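Protein chains: 2
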Amino acid sequence: MKLLIVGGVAGGASAAARARRLSETAEIVVFERGPDISFANCGLPYYLGGKIEHRESLVLMTPGHFRERFALDVRMRSEVIAIDRSAHRVRVREHATGKEYDETYDKLILSPGASPLRPPIPGIDLPGIFTLRDLGDVDRIHMRMGGGVRRAVIVGAGFIGLELAENFVRRGMETTVVELQDQVMPPFDKEMTTPIVAEAKARGVQVLLNRSAKAFEATGNAISVRLDDESSIETDLVILGVGVRPENALAVAAGLEVGPRGGIRVDDRMRTSDPDIFAVGDAVETTDFVLDTPTQVPLGGPANRQGRIAADNAMGRDSVYRGTQATAVLGLFDLTAAMTGASEKSLRRIGKPFERVYVHPTNHAGYYPGAERIHMKLLFEPGTGRILGAQGVGKAGVDKRIDVIAMAIQAGMTVFDLEESELCYAPQFGSAKDAVNMAGFVAAGKLRGDQPQIEIDTVMSLPESERPLILDVRTAGEVAHGAIPGAIHIPVDELRERLGELPKERSIACYCQIGQRGYLATRILLQRGFEAANIDGGYETFRHFFPAES
Amino acid sequence: MKLLIVGGVAGGASAAARARRLSETAEIVVFERGPDISFANCGLPYYLGGKIEHRESLVLMTPGHFRERFALDVRMRSEVIAIDRSAHRVRVREHATGKEYDETYDKLILSPGASPLRPPIPGIDLPGIFTLRDLGDVDRIHMRMGGGVRRAVIVGAGFIGLELAENFVRRGMETTVVELQDQVMPPFDKEMTTPIVAEAKARGVQVLLNRSAKAFEATGNAISVRLDDESSIETDLVILGVGVRPENALAVAAGLEVGPRGGIRVDDRMRTSDPDIFAVGDAVETTDFVLDTPTQVPLGGPANRQGRIAADNAMGRDSVYRGTQATAVLGLFDLTAAMTGASEKSLRRIGKPFERVYVHPTNHAGYYPGAERIHMKLLFEPGTGRILGAQGVGKAGVDKRIDVIAMAIQAGMTVFDLEESELCYAPQFGSAKDAVNMAGFVAAGKLRGDQPQIEIDTVMSLPESERPLILDVRTAGEVAHGAIPGAIHIPVDELRERLGELPKERSIACYCQIGQRGYLATRILLQRGFEAANIDGGYETFRHFFPAES
Numbered sequence: 001m002k003l004l005i006v007g008g009v010a011g012g013a014s015a016a017a018r019a020r021r022l023s024e025t026a027e028i029v030v031f032e033r034g035p036d037i038s039f040a041n042c043g044l045p046y047y048l049g050g051k052i053e054h055r056e057s058l059v060l061m062t063p064g065h066f067r068e069r070f071a072l073d074v075r076m077r078s079e080v081i082a083i084d085r086s087a088h089r090v091r092v093r094e095h096a097t098g099k100e101y102d103e104t105y106d107k108l109i110l111s112p113g114a115s116p117l118r119p120p121i122p123g124i125d126l127p128g129i130f131t132l133r134d135l136g137d138v139d140r141i142h143m144r145m146g147g148g149v150r151r152a153v154i155v156g157a158g159f160i161g162l163e164l165a166e167n168f169v170r171r172g173m174e175t176t177v178v179e180l181q182d183q184v185m186p187p188f189d190k191e192m193t194t195p196i197v198a199e200a201k202a203r204g205v206q207v208l209l210n211r212s213a214k215a216f217e218a219t220g221n222a223i224s225v226r227l228d229d230e231s232s233i234e235t236d237l238v239i240l241g242v243g244v245r246p247e248n249a250l251a252v253a254a255g256l257e258v259g260p261r262g263g264i265r266v267d268d269r270m271r272t273s274d275p276d277i278f279a280v281g282d283a284v285e286t287t288d289f290v291l292d293t294p295t296q297v298p299l300g301g302p303a304n305r306q307g308r309i310a311a312d313n314a315m316g317r318d319s320v321y322r323g324t325q326a327t328a329v330l331g332l333f334d335l336t337a338a339m340t341g342a343s344e345k346s347l348r349r350i351g352k353p354f355e356r357v358y359v360h361p362t363n364h365a366g367y368y369p370g371a372e373r374i375h376m377k378l379l380f381e382p383g384t385g386r387i388l389g390a391q392g393v394g395k396a397g398v399d400k401r402i403d404v405i406a407m408a409i410q411a412g413m414t415v416f417d418l419e420e421s422e423l424c425y426a427p428q429f430g431s432a433k434d435a436v437n438m439a440g441f442v443a444a445g446k447l448r449g450d451q452p453q454i455e456i457d458t459v460m461s462l463p464e465s466e467r468p469l470i471l472d473v474r475t476a477g478e479v480a481h482g483a484i485p486g487a488i489h490i491p492v493d494e495l496r497e498r499l500g501e502l503p504k505e506r507s508i509a510c511y512c513q514i515g516q517r518g519y520l521a522t523r524i525l526l527q528r529g530f531e532a533a534n535i536d537g538g539y540e541t542f543r544h545f546f547p548a549e550s
Numbered sequence: 001m002k003l004l005i006v007g008g009v010a011g012g013a014s015a016a017a018r019a020r021r022l023s024e025t026a027e028i029v030v031f032e033r034g035p036d037i038s039f040a041n042c043g044l045p046y047y048l049g050g051k052i053e054h055r056e057s058l059v060l061m062t063p064g065h066f067r068e069r070f071a072l073d074v075r076m077r078s079e080v081i082a083i084d085r086s087a088h089r090v091r092v093r094e095h096a097t098g099k100e101y102d103e104t105y106d107k108l109i110l111s112p113g114a115s116p117l118r119p120p121i122p123g124i125d126l127p128g129i130f131t132l133r134d135l136g137d138v139d140r141i142h143m144r145m146g147g148g149v150r151r152a153v154i155v156g157a158g159f160i161g162l163e164l165a166e167n168f169v170r171r172g173m174e175t176t177v178v179e180l181q182d183q184v185m186p187p188f189d190k191e192m193t194t195p196i197v198a199e200a201k202a203r204g205v206q207v208l209l210n211r212s213a214k215a216f217e218a219t220g221n222a223i224s225v226r227l228d229d230e231s232s233i234e235t236d237l238v239i240l241g242v243g244v245r246p247e248n249a250l251a252v253a254a255g256l257e258v259g260p261r262g263g264i265r266v267d268d269r270m271r272t273s274d275p276d277i278f279a280v281g282d283a284v285e286t287t288d289f290v291l292d293t294p295t296q297v298p299l300g301g302p303a304n305r306q307g308r309i310a311a312d313n314a315m316g317r318d319s320v321y322r323g324t325q326a327t328a329v330l331g332l333f334d335l336t337a338a339m340t341g342a343s344e345k346s347l348r349r350i351g352k353p354f355e356r357v358y359v360h361p362t363n364h365a366g367y368y369p370g371a372e373r374i375h376m377k378l379l380f381e382p383g384t385g386r387i388l389g390a391q392g393v394g395k396a397g398v399d400k401r402i403d404v405i406a407m408a409i410q411a412g413m414t415v416f417d418l419e420e421s422e423l424c425y426a427p428q429f430g431s432a433k434d435a436v437n438m439a440g441f442v443a444a445g446k447l448r449g450d451q452p453q454i455e456i457d458t459v460m461s462l463p464e465s466e467r468p469l470i471l472d473v474r475t476a477g478e479v480a481h482g483a484i485p486g487a488i489h490i491p492v493d494e495l496r497e498r499l500g501e502l503p504k505e506r507s508i509a510c511y512c513q514i515g516q517r518g519y520l521a522t523r524i525l526l527q528r529g530f531e532a533a534n535i536d537g538g539y540e541t542f543r544h545f546f547p548a549e550s
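Protein chains in written order, with the numbering used here: chain A, 1 to 550; chain B, 1 to 550.
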């Protein structure tokens with residue numbers, strides 16, 4: 001058995017190690033066109049910020065060590081430039097010598113990764129404008145930063161863009177993020193990104209939404225970034241973080257099928273349209289586990305799993321990839337934002353019916369010092385309650401709750417299961433009713449009809465004359481800190497005595513801070529013959545949808 | 001509908017609030033014999049240690065507020081002393097006046113809790129010896145501590161005992177924990193408690209295992225604790241944390257069924273043997289979700305869920321309790337220990353077959369500063385791989401992994417599912433192959449036969465002549481820090497070249513630090529015709545089983 005692997009980072013490295021564990025006798029050759037294998041992609045921003053101090057930390061395994069440990073034939077700076085599928089042969093070019101040669105294979109695994117997009121903006125090739133993909137990029141950016149630069153512009157407010165923003169601020173740099181869309185972190189639903197923008201701004205990052213870079217111009221050693229509104233930003237450094245494109249050239253030239261967005265098509269065995277060729281990682285199109293649609297998700301976790309599964313199948317062992325759930329997490333200063341499964345926008349895109357709820361529980365018992373709110377959104381199927389997706393933002397405990405829900409999604413669990421989940425509780429870790437249970441209670445209550453809910457974006461989109469009566473059931477102290485415009489105020493604890501102040505002929509939308517007292521108020525009103533609903537997620541959710549009004 | 005609830009803490013309070021949300025018109029009376037309802041039981045140790053500064057923080061809701069918010073008839077210092085089931089009537093005694101009266105019910109929910117055990121040890125009623133259950137206890141202990149005490153003895157090294165130890169140390173007190181068993185934290189398997197004992201000792205807590213208190217004697221203002229080995233400890237304060245007993249007197253007197261350990265028997269609707277009487281919380285016997293055996297688990301999470309479910313059923317809505325998984329967590333200084341589902345000892349107790357694996361992954365990417373090992377044990381069904389239980393100990397990220405596995409257990413998932421789980425990965429939160437995936441890989445590899453494993457306790461229990469050859473495949477530097485006695489040493493990276501040094505006729509047990517290189521070594525040996533297995537969990541697991549030898 002002779003296995004060739006193209007690309008020695010995440011997926012390729014995993015595939016090589018796995019293949020060797022399955023067979024000591026197979027001939028396994030890894031071609032890597034760059035100078036590094038198996039490096040810490042996700043650590044690059046933190047090295048630039050100084051959080052990871054030593055460059056060596058980013059090198060997970062040297063080519064020599066990889067060779068020795070797994071008895072691999074690792075060929076560095078060696079690029080596979082063509083595949084002859086009928087001959088089961090690849091053409092390899094050695095970068096150092098320019099020499100080309102052929103190598104045959106029984107099975108071939110492609111792990112070429114994805115390359116950062118460089119949009120065709122005038123001036124994009126000026127010195128000081130970078131993308132960030134590998135250690136070479138990081139060295140170049142590091143060198144530029146060493147030259148005393150103190151200003152950075154990041155184009156694109158996705159994961160890498162925001163991680164870089166944090167790290168540039170850590171270096172004391174004046175940092176601006178320019179984003180074409182009307183929100184940061186495009187995989188998230190917009191209202192969930194309000195706290196992210198607030199955190200970035202509070203830490204001194206300038207965030208410009210609905211803006212794009214139109215041109216770059218050299219001004220001495222600096223760069224002037226001209227935006228689409230004709231304003232300009234003077235900066236010393238520009239990083240482009242506007243997305244990636246699958247490195248599919250080799251696959252396309254070989255006639256392998258690719259999807260509409262360029263991802264190499266694979267089946268659930270990571271097999272391409274050629275049965276002897278597998279593909280893994282950022283270059284492939286896989287199936288969205290929740291939506292059952294094709295998807296391209298450039299994440300390290302899936303890449304590693306795919307590498308293992310491709311190696312299994314290449315070596316003759318049946319192994320199935322279940323699809324990608326797109327679980328992802330961002331750390332931004334003290335904030336964590338995480339998501340798993342479908343977003344509201346991805347559900348709307350394919351027209352899949354869904355229900356949603358917002359909850360704002362604390363990460364641990366409120367009576368223990370340091371409790372912090374987690375803002376959570378849960379998406380689920382009407383009727384069955386099957387969980388479709390979740391998003392969370394907060395200071396602590398967010399990744400835990402999203403991981404728990406990721407597991408629930410993997411298992412096909414429902415919101416009724418979340419009600420019954422039994423999770424760790426001690427006051428510094430959780431609550432007797434954990435954040436996950438709370439999301440389950442609210443979602444299940446909605447499905448059971450116990451808790452008719454109305455969504456704040458729906459309410460606010462109505463002309464004022466058509467809106468329900470908005471009833472604020474919080475305390476006077478809370479109301480003083482901001483309320484939904486036009487609301488009347490009766491604290492929940494006075495509600496039973498003051499029902500006479502409310503109309504029976506008009507529907508009432510109750511709200512409190514996070515939805516819990518609003519739920520009780522709704523229950524009281526419904527049982528007393530009023531038409532009532534609870535505004536989902538209360539004032540906290542209002543603030544996320546309408547940050548300017550609150 | 002007239003609903004009476006006996007007990008207004010966790011389960012009782014949840015039941016009352018739920019019942020009111022279901023019906024605004026029901027008559028709901030809560031009897032609480034103490035002076036407080038709904039207080040933060042789990043916060044009591046942290047108040048004593050000063051971490052929770054204000055006593056008010058422990059009061060989650062005052063009786064007045066509870067009354068008002070939920071329109072309840074809350075009767076404090078009112079003890080239900082008898083139930084007349086045929087007349088649907090309870091007898092109530094008012095503590096303040098001694099007055100007794102009857103109250104009828106349609107449905108009755110019992111939430112009497114459990115009382116701390118006070119073993120009949122001579123001197124147990126001396127001043128300065130306390131149990132810790134409620135705010136009254138905390139006030140008494142607080143007062144004693146205010147008197148300048150500087151030494152404490154805690155009898156019992158369970159959750160409360162160790163939480164108190166941490167908090168007494170926080171107060172600068174010399175603290176000794178005396179435990180009858182040969183391990184701390186009895187719900188955990190013994191080897192998993194090694195790091196817990198090490199942490200306690202490192203923080204200055206004296207831990208005495210296999211010791212019991214035989215007598216208490218007054219020595220001036222101090223107390224002399226005489227142990228079973230006739231040694232004595234002088235102290236100013238003794239806390240008994242040796243377990244709890246269900247408060248079942250009322251139920252027993254009324255002829256309700258109780259289990260062998262005293263828990264009030266309920267069905268999966270939380271209904272007792274009387275269809276109009278429900279019981280919840282620390283006083284009941286429920287079903288172990290994993291083992292399907294009766295169990296008594298005094299934890300806040302289950303109590304709250306049971307309260308809600310009992311209220312549902314009492315109010316005529318069908319609602320099912322799925323059983324208790326016994327997910328629990330301990331914070332001890334910088335250490336977290338958590339578990340969910342069955343332990344090895346509980347599986348052995350009922351004779352249920354199981355497999356186990358140990359893994360020692362880090363909480364997040366090793367290249368990001370601050371990575372800490374999580375020591376994990378996973379228990380699963382032979383053949384199917386269904387997950388039966390998990391335990392974890394480490395400095396960070398332990399509760400997250402145990403919660404994820406708790407969810408997997410709830411869903412009936414297998415170790416093969418853990419391999420495929422897609423969890424949050426950014427370097428400060430996790431790894432591309434998360435700790436949960438690692439546990440899945442090792443367990444699934446064992447079931448598939450890819451990774452024959454041998455257990456270190458089995459190896460060491462054999463006479464030396466019958467043991468396999470123990471092969472240490474770590475680096476020389478690691479070996480210098482300690483190795484398994486009798487092991488020979490060949491680093492994994494030299495193994496392929498040095499196979500000639502190994503016998504073909506004797507089985508070989510490989511090990512490395514955590515099991516990963518041992519796995520590769522085992523794969524190499526097996527494929528070269530050796531009889532080999534990997535020592536499960538490597539040297540780290542050896543250290544946990546044999547702390548004295550390492």
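The C-beta atom is built at its ideal place from N, Cα and C for all residues, glycine as well. A quick note: this is a predicted structure, and the numbers were derived from the prediction, not measured.
{"Check": "Could you check the C-alpha separation between G554/B and P369/A for me, to the nearest Å?", "Outcome": "In this structure chain B extends from 1 to 550, so residue 554/B is not present and cannot be described."}
{"Check": "Measure from the alpha carbon of D274/A to the alpha carbon of each residue in G307/A, I309/A and L256/A, then state which is nearest.", "Outcome": "L256/A"}
{"Check": "Using the three-state DSSP reduction, which class does E531/A fall into: helix, strand or coil?", "Outcome": "coil"}
{"Check": "Provide the residue span of the alpha helix (DSSP H) that contains Y46/B, from first to last.", "Outcome": "L44 to L48"}
{"Check": "Starting from the beta carbon of M438/A, find every residue of chain B whose beta carbon is closer than 8 Å, and list them in chain order.", "Outcome": "Neighbours of M438/A on chain B: none; closest Cβ ~11 Å, over 8 Å."}
{"Check": "Classify D405/B as buried or exposed, calling it buried when 16 or more other Cβ atoms lie within 10 Å of its own Cβ.", "Outcome": "Note on residue identity: the sequence assigns Ile, not Asp, to residue 405/B. Flag for I405/B reads buried."}
{"Check": "Could you tell me the alpha carbon to alpha carbon distance between V177/A and A15/B, rounded to whole angstroms?", "Outcome": "50 Å"}
{"Check": "From the DSSP output, which residues share a beta bridge with A337/B?", "Outcome": "L330/B and V393/B"}
{"Check": "Using DSSP bridges, identify the partner residues of D288/B.", "Outcome": "T324/B"}
{"Check": "Looking at chain B, is there any beta carbon in it that lies within less than 8 Å of the beta carbon of Q428/A?", "Outcome": "yes"}
{"Check": "Going by the beta-carbon positions, is the gap between E166/A and G49/A smaller than 8 Å?", "Outcome": "yes"}
{"Check": "Please list the partners that N554/B has in chain A, where partner means a Cβ-to-Cβ separation under 7 Å.", "Outcome": "Lying before the first or after the last residue shown, residue 554/B is absent from chain B, which here runs from 1 to 550."}
{"Check": "Compare the C-beta of S421/A against all C-beta atoms of chain B and say whether one is closer than 8 Å.", "Outcome": "yes"}
{"Check": "Enumerate, from N- to C-terminal direction, the unbroken alpha helix (DSSP H) stretches of 4 or more residues contained entirely within the segment 462-527 of chain B.", "Outcome": "476-480, 492-495 and 516-527"}
{"Check": "Output the boundary residues of the alpha helix (DSSP H) element that contains P302/B.", "Outcome": "G300 to A314"}
{"Check": "Return the residue from the list T193/A, I124/A, V197/A and G331/A that minimises the CA-CA distance to L237/A.", "Outcome": "I124/A"}
{"Check": "Helix, strand or coil: which one does DSSP assign to T362/B?", "Outcome": "strand"}
{"Check": "Of the residues P503/B, E501/B, P468/B and M270/B, which one's Cα is nearest the Cα of L108/B?", "Outcome": "M270/B"}
{"Check": "Spatial neighbours of A408/A within its chain, please: CB distance less than 7 Å, with the 5 preceding and 5 following residues excluded, ordered by chain position.", "Outcome": "I387, D417 and L418"}
{"Check": "On the DSSP bridge list, what partners appear for L164/B?", "Outcome": "The partner list for L164/B (beta bridge, DSSP) is empty, contrary to what the question assumes."}
{"Check": "By alpha-carbon positions, which one of A222/A, S224/A and V155/A ends up nearest to V207/A?", "Outcome": "V155/A"}
{"Check": "What is the DSSP secondary structure of D457/A, reduced to helix, strand or coil?", "Outcome": "helix"}
{"Check": "Give every residue of the same chain whose Cβ lies closer than 8 Å to the Cβ of D312/A, excluding the five residues on either side of it in the sequence, and list them in chain order.", "Outcome": "R18, L22, D318 and S319"}
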